[in-house]
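Asker: Numbering (our numbering), first residue to last: -6 to 123. Using N, Cα and C, we set each Cβ at its ideal position, and we do this for glycine too. Below is the structure I would like to discuss, written out as structure tokens.
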């Protein structure tokens, strides 16, 4: 659930006008509700703190926008790196399990393959939802 602009203003100590200005400058992301209210994500307060710090360092709006973009890009890169590491660990586990399966009977292999398939499907679904 998002925060309406008045709630953001109250929680941040900033005016509605300032938040509206930051939104128009693309420093804050906003969505619209079915009633056409502006809804801000829960992390908007953290973003406003970052904007305040960057303003104190006398950065321009364009420079602040760039900093926020680079930070978000880095976060996405870190998540992708985590996903890649997870996939590599899974591939190593699969390789080890395949070695074990080679020495098992056909019936045992079929049971293990079925369980692996179920587990991998669950893991892939969780990775897609990240």
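1) Return the CA-CA distance between residue 101 and residue 107, expressed in angstroms with no decimal places.
2) For residue 31, which residues of its own chain have a beta-carbon under 6 Å away from its beta-carbon, when the five flanking residues on both sides are left out?
3) Taking residue 7 and residue 41 to be in contact with their CB atoms under 8 Å, please state how far apart those CB atoms are, rounded to whole angstroms.
4) Under 8 Å by Cβ, that's how I've got residue 20 and residue 46 pegged, so tell me the actual separation to the nearest angstrom.
5) Within the same chain, show all residues whose beta-carbon is closer than 7 Å to that of residue -5, passing over the 5 residues directly before and after it, in chain order.
6) What separation, rounded to the nearest whole angstrom, lies between the Cα atoms of residue 94 and residue 119?
7) Return the Cβ separation of residue 52 and residue 60 in integer angstroms, given the expectation that the two are a contact with Cβ distance under 8 Å.
8) Consult DSSP for residue 52 and reduce its assignment to one of helix, strand or coil.
9) By how many angstroms is the C-alpha of residue 83 removed from the C-alpha of residue 77?
10) Starting from residue 120 and walking both ways along the alpha helix (DSSP H), at which residues does that stretch end?
11) Among 54, 98, 90 and 26, whose alpha-carbon lies nearest the alpha-carbon of residue 18?
12) Quick check on the DSSP output: the beta strand (DSSP E) that includes residue 33 runs from which residue to which?
Answerer: Looking at the coordinates:
1) 10 Å
2) -2 and 23
3) 7 Å
4) Rounded, the Cβ-Cβ distance is 13 Å, inconsistent with contact.
5) 24, 32, 33 and 34
6) 26 Å
7) 7 Å
8) coil
9) 10 Å
10) 99 to 121
11) 54
12) 31 to 33
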